[in-house]
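Protein chains in written order, with numbering that gives the first Met the number 0: chain P, 0 to 537; chain W, 0 to 234. Just so it is clear, CB atoms sit at the ideal spot from N, CA and C, and this is done for glycine as well. Keep in mind it's a predicted model, so treat the numbers as computed, not measured.
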Amino acid sequence: MKNKESILVVDDDLDFLGIIRKILENKGYKTSTVPSASEALSLLEKQFYNAVILDISLPDADGTELLPKILELHPYILAIMLTGHSSVKNAVESLNRGAFAYLEKPLNPENLLSVINRGMEKQLLVFENRQLMDELERHNRITNTLLSVSQAVAQTLDLQKIIDSALEKVAECIGVEASFVYLRDKDHFKLKGYHGLSTQTVKDMPEEVSNNTGIFSNLIEQSGPIIIEDLKKTNEPDLGFLNNVGYRSFAGVPLAILGENIGVLGIATDFNQIFSPNNVDLLTGIGREIAIAVRNAQLYEEASSVKALRELDAMRTAFLANVSHELRTPLAVIKGSANSLLQPDVIFDEQTRRDFLVSIDKDADTLTRLVDDLLMISRLEANALEVKKKPSKLIDVISAIKDRLDNLTVKHHMHIDIAEEIPTVNIDEGRIGEVLTNLVENAVKFSEDNTNIYIKAINKNKEVLISVADEGIGIPLELHQRIFERFFQGDGRKAGRRKGTGLGLAICQGIVEAHGGEIWVESTPGKGAKFSFNIPVN
Amino acid sequence: MDKKHILIVDDDPAILRLLSTNLKARGYEIFTAIDGAESLEAVQKDFIDLIILDLMMPKIDGVEVCRRVREWSDVPIIILSARGDENDKVKCLDLGADDYLTKPFGIAELMARIKTAFRHRGDPTVAPAQATFACDGLEINFAKRRVTVDGKEVTLTPTEFALLQHLAVNSDKVLTHNMLLQSVWGNEYSSEKEYLRVFVGRLRRKLEPDPKNPKYIQTIPGVGYHIATSTASVA
Numbered sequence: 000m001k002n003k004e005s006i007l008v009v010d011d012d013l014d015f016l017g018i019i020r021k022i023l024e025n026k027g028y029k030t031s032t033v034p035s036a037s038e039a040l041s042l043l044e045k046q047f048y049n050a051v052i053l054d055i056s057l058p059d060a061d062g063t064e065l066l067p068k069i070l071e072l073h074p075y076i077l078a079i080m081l082t083g084h085s086s087v088k089n090a091v092e093s094l095n096r097g098a099f100a101y102l103e104k105p106l107n108p109e110n111l112l113s114v115i116n117r118g119m120e121k122q123l124l125v126f127e128n129r130q131l132m133d134e135l136e137r138h139n140r141i142t143n144t145l146l147s148v149s150q151a152v153a154q155t156l157d158l159q160k161i162i163d164s165a166l167e168k169v170a171e172c173i174g175v176e177a178s179f180v181y182l183r184d185k186d187h188f189k190l191k192g193y194h195g196l197s198t199q200t201v202k203d204m205p206e207e208v209s210n211n212t213g214i215f216s217n218l219i220e221q222s223g224p225i226i227i228e229d230l231k232k233t234n235e236p237d238l239g240f241l242n243n244v245g246y247r248s249f250a251g252v253p254l255a256i257l258g259e260n261i262g263v264l265g266i267a268t269d270f271n272q273i274f275s276p277n278n279v280d281l282l283t284g285i286g287r288e289i290a291i292a293v294r295n296a297q298l299y300e301e302a303s304s305v306k307a308l309r310e311l312d313a314m315r316t317a318f319l320a321n322v323s324h325e326l327r328t329p330l331a332v333i334k335g336s337a338n339s340l341l342q343p344d345v346i347f348d349e350q351t352r353r354d355f356l357v358s359i360d361k362d363a364d365t366l367t368r369l370v371d372d373l374l375m376i377s378r379l380e381a382n383a384l385e386v387k388k389k390p391s392k393l394i395d396v397i398s399a400i401k402d403r404l405d406n407l408t409v410k411h412h413m414h415i416d417i418a419e420e421i422p423t424v425n426i427d428e429g430r431i432g433e434v435l436t437n438l439v440e441n442a443v444k445f446s447e448d449n450t451n452i453y454i455k456a457i458n459k460n461k462e463v464l465i466s467v468a469d470e471g472i473g474i475p476l477e478l479h480q481r482i483f484e485r486f487f488q489g490d491g492r493k494a495g496r497r498k499g500t501g502l503g504l505a506i507c508q509g510i511v512e513a514h515g516g517e518i519w520v521e522s523t524p525g526k527g528a529k530f531s532f533n534i535p536v537n
Numbered sequence: 000m001d002k003k004h005i006l007i008v009d010d011d012p013a014i015l016r017l018l019s020t021n022l023k024a025r026g027y028e029i030f031t032a033i034d035g036a037e038s039l040e041a042v043q044k045d046f047i048d049l050i051i052l053d054l055m056m057p058k059i060d061g062v063e064v065c066r067r068v069r070e071w072s073d074v075p076i077i078i079l080s081a082r083g084d085e086n087d088k089v090k091c092l093d094l095g096a097d098d099y100l101t102k103p104f105g106i107a108e109l110m111a112r113i114k115t116a117f118r119h120r121g122d123p124t125v126a127p128a129q130a131t132f133a134c135d136g137l138e139i140n141f142a143k144r145r146v147t148v149d150g151k152e153v154t155l156t157p158t159e160f161a162l163l164q165h166l167a168v169n170s171d172k173v174l175t176h177n178m179l180l181q182s183v184w185g186n187e188y189s190s191e192k193e194y195l196r197v198f199v200g201r202l203r204r205k206l207e208p209d210p211k212n213p214k215y216i217q218t219i220p221g222v223g224y225h226i227a228t229s230t231a232s233v234a
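Quick look at the structure:
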């Protein structure tokens, strides 16, 4: 049979129905016949017919009134009105209401078939048009979605933000509640982001998934989407975390860029969803957008870390040059003094010989201190600084280093002001003493003789605040952070003073941080500097 | 003979003390400065025969001191630095320093270098046989230590003059790197090839119309240098 279209004929003349059924079935149309408007409507509510042939005068309704109801149910149905002489006016009215044609009784079968034929052709065109429109709309939607994903992920070079915003878009555009991304990392997939998953599910999610077996590696291998309609029927261990909490279906696509699959994007729903090809295409496209953004972010990260490494390397080279210089200076004094005593051409007097020995002794101390600083810095770098905390009084810490501070500030006026209500703090006395000594040493180094140096400690909301202030050259704002960097050297120390290793403040910072505190500087160039650190009171 | 005046510039008081003691004990008159600015003042104020100069100093560093002193004085400068980098060495010599010694150093070595610097300065132990030298516009009056190129006077530092004198006196002979280093500087300098390169460079910049295509001091690649006098006359 050629024709597969279905036709419903509505007429109260049963003989007529019988004849017309024969004619239509003869031509291959699937034909139904009913004698009343109510039966016609109940059939049409259940199924679609390509055409309806409708008598205008029916026992329970006027065909002209029935027509709008039918068209409301099936807008594209082909309606052909049948009419007697008397009701031509009604038939014309029906055309206005959307009927395709009207035929007068008695019917000419040839005429009927030709009208049906023309009508069906027109209907086919309408259907095709509609399909094209739908296709266009689908493409539009995919394009818009991809555009919005691509815009969202292009906002940042931060890998985490890219993945988070992409997953948010996936939820918004595809309308799934759960989604996640794993990225490939050497021989594993690592969980990099998720959206719409419960805390429990997140806990169950594997942080790492093998690269060699399982659904993720299948996704990568076949380089295309994988859809699981019913998670219960499969036994994917890597998706167990979804199954456990009742998710029913899963779709996953590889994150592909330039022929390389760098991870997977998965979505899940908690009902048996048949993922439409549209959505799978869309998901694949989103996967590509995420892959591009992720790769960009990775490249950016690599470039930044290369830059950071280069900076670190330059800093280390500068540090080594500096250390070498700092070691050579006291060594020059030691070697030169000893060498002087060994020269055969000059015999020095007793006092001069003693002076040489004093120089050797002093610079051996300088060398020792330098080596200690270097060791301390390497401990800090290795996070291996030992801090032996015990409940201590700050005043005892000061007493222990008082002689040394007096020596350091012999040409300055030192003022020590420790508030009486300062509670006992849990500290390593020796280390905190080192910090204070170091700060006072800096104050002396960067201020003129006969100026004031203030050491002050106060009690302030569950912490002890200790400061060392001078009236020296001060520190420009742009250096307030940098001076704590390892190996940083400040300019402007007084002439005749030895330059340090650039390690002192880095060491201070390391010690203070090991006590759970912070160290910072406040300074106006030309008006002195105030270094402060706090220690929490337990 | 009057005492020679030596200015020691170093920001480390211990080094200043060490050098002062040793140099005084060997008959030198000592002046000290603890930074670049002070040293420049001292050079202008006092009569200084030689400067021993540290590089890393606050305010004005040694490289800058060297450059500024060379703008108006040919006083010998010996750099005494804890920076042992070859680049620093070449840079300082290029700027006009006469010698470069790295800390830590031996007293005897420093004394020898000071003597070498003074030897270049003008009491030549061996007076040249001839009084003058002339070659294609370059004229040297050995006795007056005066050099002119096409009649225009050129100021040379003592070491530059010593090198030029040695090349001129031995013109048309090829002088190897070793021969030059030993004759002009001293035996202990035979490994300091960059001294020669830097000082020949300095001479060429002062004497040659086109230092890149020198007409007076010719390089014999891999061997040494010579002054060729096809048209020169020795009086």
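For Arg368(P), which residues in chain W fall below 8 Å Cβ to Cβ?
Within 8 Å Cβ-Cβ: nothing; Arg368(P) doesn't reach chain W, min ~14 Å.
Just the C-alpha distance for Asp97(W) and Glu433(P), rounded to the nearest angstrom, thanks.
C-alpha of Asp97(W) to C-alpha of Glu433(P): approximately 44 Å in a straight line.
From Gly221(W), Met56(W), Asp11(W), pick the residue whose C-alpha is nearest to that of Ile333(P); which is it?
Comparing Cα positions, the closest option is Asp11(W).
What are the boundary residues of the beta strand (DSSP E) that includes Asn458(P)?
Taken as a continuous stretch (DSSP letters only), the beta strand (DSSP E) holding Asn458(P) covers 451 to 459.
Proximal residues to Val65(P) (C-beta, below 6 Å), its chain only, five neighbours per side dropped
The displayed chain sequence assigns Leu, not Val, to residue 65(P). The answer, listed in chain order, is Ala36.
Asn86(W) to Phe104(W), Cα distance in whole Å?
Asn86(W) and Phe104(W): Cα-Cα distance of roughly 19 Å.
Separation of Phe132(W) from Ile139(W), as counted between CA atoms:
Taking the CA atoms as reference points, Ile139(W) sits about 5 Å from Phe132(W).
With C-beta atoms as the reference, is Tyr215(W) less than 9 Å away from Cys134(W)?
Taking 9 Å as the Cβ cut-off, Tyr215(W) and Cys134(W) qualify as a contacting pair.
Taking just the CA atoms, how far does Ala313(P) sit from Phe179(P)?
Distance between the alpha carbons of Phe179(P) and Ala313(P): 41 Å.
Other residues of its chain near Leu102(P): CB distance less than 7 Å, five sequence neighbours each side excluded
If we look at Leu102(P) and ignore the five residues flanking it on each side, its Cβ neighbours are Ile79, Leu81, Asn110, Leu111, Val114.
Under 6 Å Cβ to Cβ from Lys88(W), same chain only, skipping five residues before and after it: list those, please.
Within its own chain, the residues whose Cβ lies closer than 6 Å to the Cβ of Lys88(W), once the five positions on either side in sequence are excluded, are Tyr99, listed in chain order.
Cβ separation of Ile506(P) and Ile400(P), assumed to be a contact under 8 Å, to the nearest whole Å
With a Cβ gap of about 15 Å, Ile506(P) and Ile400(P) do not count as contacting.
May I ask you to list, following chain order, the residues of the region 23 to 57 of chain W that have a beta carbon less than 7 Å from some beta carbon of chain P?
Of all residues in the region 23 to 57 of chain W, those with a C-beta nearer than 7 Å to a C-beta of chain P are Ala24, Arg25, Ile33, Asp34, Met55, Pro57, reading in chain order.
How would you write the range of the beta strand (DSSP E) that Met314(P) sits in, first residue to last?
First-last for Met314(P): 276 to 341, but that is the alpha helix (DSSP H), not the beta strand (DSSP E).
Pull up the distance between the alpha-carbon of Met119(P) and that of Thr30(P), whole angstroms please.
It is roughly 14 Å from the alpha-carbon of Met119(P) to the alpha-carbon of Thr30(P).
DSSP three-state call for Asn533(P): helix, strand or coil?
Strand.
Pairing CB atoms from the region 390 to 398 of chain P with CB atoms from the region 424 to 444 of chain P, are three or more of them under 8 Å?
Enough Cβ pairs lie closer than 8 Å, so yes.
Which chain W residues are close to His324(P), counting only those with a beta carbon under 7 Å from its beta carbon?
Within chain W, the residues Met55, Ala81, Arg82 have their CB atoms less than 7 Å from the CB of His324(P), given in chain order.
Indicate the three-state DSSP secondary structure (helix, strand or coil) for Gly251(P) in the structure shown.
In the displayed model, Gly251(P) falls within a strand according to three-state DSSP.
So if DSSP puts Tyr181(P) in a beta bridge, which residue, or which two residues, is it bridged to?
Note: Tyr181(P) sits in a beta bridge opposite Leu190(P), Val263(P).
Taking Cβ to Cβ, would you say Met55(W) is nearer than 9 Å to Arg82(W)?
Yes. Within cutoff.
Taking beta-carbon pairs under 8 Å, can you tell me which members of the region 85 to 105 of chain W lie near chain P?
Flagged, chain order: Thr101, Lys102, Pro103, Phe104, Gly105.
Looking at chain W, is there any beta carbon in it that lies within less than 9 Å of the beta carbon of Ile482(P)?
Not closer than 9 Å to any Cβ of chain W, the Cβ of Ile482(P) fails to qualify, so no.
The beta strand (DSSP E) spanning Pro390(P) covers which residue range?
Taken as a continuous stretch (DSSP letters only), the beta strand (DSSP E) holding Pro390(P) covers 389 to 391.
Taking Cβ-Cβ distances shorter than 7 Å, what residues in chain W pair up with Ser446(P)?
The premise fails here: Ser446(P) is roughly 14 Å from chain W at the closest Cβ pair, so nothing lies under 7 Å.
Residue-chain proximity (Asp209(W), chain P), Cβ-Cβ < 9 Å
So, not an interface residue.
Distance CB(Ile289(P))-CB(Leu254(P)) smaller than 9 Å
With a cutoff of 9 Å on beta-carbon distance, Ile289(P) and Leu254(P) are scored as near each other.
Roughly how many angstroms lie between the CA atoms of Pro524(P) and Phe318(P), to the nearest whole one?
If I take the Cα positions, the gap works out to 26 Å.
Identify whether Asn212(W) lies in helix, strand or coil by the three-state DSSP scheme.
Note: Asn212(W) maps to coil in three-state DSSP.
Got a sec: is the Cβ-Cβ distance from Gln362(P) to anything in chain W below 9 Å?
Inspection of the sequence shows that residue 362(P) is occupied by Asp rather than by Gln. Interface flag for Asp362(P) against chain W is set, since a Cβ pair is found closer than 9 Å.
Sorted by chain position, which residues of the same chain lie with C-beta nearer than 8 Å to Phe46(W)'s C-beta, five sequence neighbours on each side aside?
Take Phe46(W), set aside five residues on each side of it, and the residues of its chain with a beta-carbon closer than 8 Å to its own are His4, in chain order.
Report the start-end ranges of each beta strand (DSSP E) in the region 191 to 235 of chain P that is 3 residues or longer and not cut off at the edges.
Along the region 191 to 235 of chain P, the beta strand (DSSP E) occurs as fully enclosed runs of 3 or more residues at 207 to 209, 225 to 227, listed in sequence order.
Alpha carbon to alpha carbon, what distance is there between Asp448(P) and Leu407(P)?
So the alpha carbons of these two residues sit roughly 11 Å apart.
Three-way DSSP call (helix, strand, coil) for Glu470(P) in this model:
It is coil, neither helix nor strand.
Pairing CB atoms from the region 182 to 197 of chain P with CB atoms from the region 155 to 174 of chain P, are three or more of them under 8 Å?
Output reads yes: the region 155 to 174 of chain P touches the region 182 to 197 of chain P.
Terminal residues of the continuous beta strand (DSSP E) containing Phe132(W)?
From DSSP, the beta strand (DSSP E) with Phe132(W) extends over 131 to 134.
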